[in-house]
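*Asks:* Here it is: the structure, laid out below.
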Amino acid sequence: MNIYDIAVPKPNGEEYHLSQYKGKAMLIVNTATKCGLRDQFDSLEKMYEEYKEQGLVVLGFPSDQFGQEKGSGAEAQEACRMTYGVTFPMHDLVKVNGKEAHPLFNYLTTNTKGFLSSAIKWNFTKFLIDQNGNIVSRFSPKDKPESFEKDIQKVLGK
């Protein structure tokens, strides 16, 4: 199994495979609009706007696993669009840990290790994937996107 085999849910419940992003770098983030780290939406959007023409796609996956996302994926997407000006693709609510974790997050956490364990400890854990579907880096919730911009540039060949 590779990352391109995984189907992910849009806010409307429809699914698509990540294979649609073959040849692009992906920054995958578990998000929550009520999280204290939500100011990272601004940085993520800025990163997306700056590098999307060079092949970066930011993918937001709202999760209420930490009690900071209320409502549906569609409501989370609307809040991201209206409050934070997010234009990058958002998805339906997913679980990121445990038996009910979405297969994408099972894949990401099985193939990376966070501080002390592979489990996602909080919202805004970020995973950088190269154009061939390889996990390049995992960044903690407190790592602001601008702090690893050089990693993104390297993946994009800049």
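For the sequence shown, my numbering begins at -1 and goes up steadily by one. Note that beta-carbon positions come from the ideal geometry of N, C-alpha and C, so glycine has one too.
(1) Taking Cβ to Cβ, would you say Gly58 is nearer than 8 Å to Phe103?
(2) On the DSSP letters alone, give me the boundaries of the beta strand (DSSP E) that Gly106 sits inside.
(3) Return the first residue and the last residue of the alpha helix (DSSP H) that Met80 is part of.
(4) Any idea which residues DSSP pairs Glu13 with across the strands?
(5) Is the separation between the beta-carbon of Asp62 and that of Leu91 shorter than 8 Å?
(6) Can you give me the Cβ contacts of Pro101 inside the same chain, cut-off strictly under 7 Å, excluding the 5 residues immediately before and after it?
(7) What span of residues does the beta strand (DSSP E) with Lys152 cover, start to end?
(8) Rounded to whole angstroms, how far is the Cβ of Ile133 from the Cβ of Leu106, which I believe are closer than 8 Å?
(9) If you run the structure through DSSP and keep just helix, strand and coil, what is Ile26?
(10) Between which two residues does the beta strand (DSSP E) carrying Lys124 extend?
(11) Pull up the distance between the alpha-carbon of Tyr46 and that of Gln129, whole angstroms please.
(12) Can you tell which of Tyr19, Asn109, Glu76, Thr31 has the C-alpha that lies nearest to the C-alpha of Val240?
*Replies:* The relevant details are as follows:
(1) no
(2) Position check: residue 106 holds Leu in this sequence, whereas Gly was assumed. No beta strand (DSSP E) holds Leu106; the alpha helix (DSSP H) holding it covers 101 to 108.
(3) 71 to 82
(4) Pro7
(5) yes
(6) Ile4
(7) Premise fails: Lys152 lies in the alpha helix (DSSP H), 147 to 153, not in any beta strand (DSSP E).
(8) 7 Å
(9) strand
(10) 124 to 127
(11) 15 Å
(12) Since the displayed the chain opens at -1 and closes at 156, residue 240 lies outside it and no answer follows.
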